[in-house]
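Only one structure is covered here, and it is reproduced in the block below.
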Amino acid sequence: MMADSRTDLPPGTETKTYYVNTPSADLMTETGIGTQALFGQRFELIESKEGMSRGALLSIIPGIDRIDYIGFLPTSVLSKGNPNPSHLISAVTAGIFREADIKSKLLGSLPRNAAIIGEVEGDFLEVSQVGFIHKNHIREMTELPKRSYAAFAADMTNQPYIWGGTGYIGVDCSGLVQSALAATGADAPRDAGQQEKQLGRPVDFANRAAGDLLFWLGHVGIVVDGDQLLHANAHHMCVALEPVEEAVKRIGSVRTTKRL
Numbered sequence: 002m003m004a005d006s007r008t009d010l011p012p013g014t015e016t017k018t019y020y021v022n023t024p025s026a027d028l029m030t031e032t033g034i035g036t037q038a039l040f041g042q043r044f045e046l047i048e049s050k051e052g053m054s055r056g057a058l059l060s061i062i063p064g065i066d067r068i069d070y071i072g073f074l075p076t077s078v079l080s081k082g083n084p085n086p087s088h089l090i091s092a093v094t095a096g097i098f099r100e101a102d103i104k105s106k107l108l109g110s111l112p113r114n115a116a117i118i119g120e121v122e123g124d125f126l127e128v129s130q131v132g133f134i135h136k137n138h139i140r141e142m143t144e145l146p147k148r149s150y151a152a153f154a155a156d157m158t159n160q161p162y163i164w165g166g167t168g169y170i171g172v173d174c175s176g177l178v179q180s181a182l183a184a185t186g187a188d189a190p191r192d193a194g195q196q197e198k199q200l201g202r203p204v205d206f207a208n209r210a211a212g213d214l215l216f217w218l219g220h221v222g223i224v225v226d227g228d229q230l231l232h233a234n235a236h237h238m239c240v241a242l243e244p245v246e247e248a249v250k251r252i253g254s255v256r257t258t259k260r261l
């Protein structure tokens, strides 16, 4: 199998471990944005030059060594960090407060699946050098939610379509799938083509059911109840819900149907 330059480092490549220290940062490749790195995501740095660092961005699930993308991040968004986060953001967006009070100044926000470290006291978790996040917007690393990945994906309905997006401002088609699966503790590749190859088992399109993934060339969507398709797409410019039949008329025949 040929190496994929987007995700495969040459054997023997030496790296140093860093972590993303900003809510989101665009990881750039030679051809444009590859993906958005999230707060706490691990980055294996190869080299730094003129304010940019080249390296491998690993899975958004801490502790998994699979590479999401190889590319460039601003050196300023990287720090040594801590390899053992205590919590993940579980809400689509979690507000960061200056104090442990919902009426205190809002300092910013973190996206779903951002990895954080802190201890809950009362209703808030204090993240060092970041601020306070309400306990209803986080989950412990060891706590797996009971909701389905499709339910987590539905939370993002109407979010803007952003090429390379993983949830901070918006998502693209494969970012939606990856983000929703990660919210349940399941790892997934970043690219739609990789997801088509690696996720689930093939089923006949005619036998599709809620929770199945439908793949076109370079595109993926999630079948939900009522034979609807939930997908981030440039036609609607958002995460949209539409009948599978309408999507097929516009995009073309489904290439692969996968069941997780």
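Residue numbers for the sequence shown follow my numbering, so the first one is 2 and each next one is one higher.
Beta carbons: idealized from backbone N, C-alpha and C, even for Gly.
Note that the structure is a prediction, hence the values are computed from the model and not measured.
Proximity to residue i [Cα-Cα], best of the options
| i | options | result |
| --- | --- | --- |
| Lys198 | Phe125, Arg256, Met29 | Arg256 |
| Met238 | Gly96, Gln130, Pro84, Met157 | Met157 |
| Ile252 | Glu243, Arg260, Pro24 | Glu243 |
| Ala189 | Asp66, Ile34, Ile170, Asp27 | Asp66 |
| Asn83 | Asp124, Asp226, Lys106, Ala116 | Ala116 |
| Gly123 | His135, Gln130, Arg113 | His135 |
| Arg148 | Thr185, Thr258, His232 | Thr185 |
| Thr8 | Phe73, Pro63, Ala207 | Phe73 |
| Asp228 | Arg260, Ala211, Pro11, Val240 | Ala211 |
Residue span of the beta strand (DSSP E) that contains residue i, given as start and end
| i | result |
| --- | --- |
| Gln199 | Careful: Gln199 lies outside any beta strand (DSSP E), inside the alpha helix (DSSP H) at 193-199. |
| Gln37 | 33-39 |
| Leu107 | 107-112 |
| Leu59 | 53-59 |
| Thr258 | 257-260 |
Per DSSP, the bridge partner or partners of residue i
| i | result |
| --- | --- |
| Lys250 | In DSSP, Lys250 forms no bridge with anything. |
| Tyr20 | Arg43, Ser80 |
| Tyr70 | Leu58 |
Proximity test, Cβ basis, 8 angstroms: residue i and chain B
| i | result |
| --- | --- |
| Ala211 | In the displayed structure, chain B is absent; only one protein chain is listed. |
Helix, strand or coil at residue i according to DSSP, with G and I counted as helix
| i | result |
| --- | --- |
| Ala154 | helix |
| Leu10 | coil |
| Gln229 | strand |
| Ala184 | helix |
| Asn159 | coil |
| Lys136 | helix |
Limits of the unbroken alpha helix (DSSP H) element including residue i
| i | result |
| --- | --- |
| Ala241 | Premise fails: Ala241 lies in the beta strand (DSSP E), 239-244, not in any alpha helix (DSSP H). |
- Message: Contact between the region 139-153 and the region 76-95 is defined here as three or more beta-carbon pairs at a separation below 8 angstroms; is this criterion met?
- Response: yes
- Query: Is the number of C-beta pairs between the region 177-194 and the region 211-219 that are closer than 8 angstroms three or more?
  - Reply: yes
- Specify whether the region 62-78 and the region 34-51 touch according to this definition: at least 3 beta carbon pairs, one from each stretch, less than 8 angstroms apart. yes
- Query: Is the region 144-162 in contact with the region 179-188, if contact means three or more CB pairs nearer than 8 angstroms?
  - Reply: yes
- Item | Given 8 angstroms, three or more beta-carbon pairs between the region 101-108 and the region 44-55 | no
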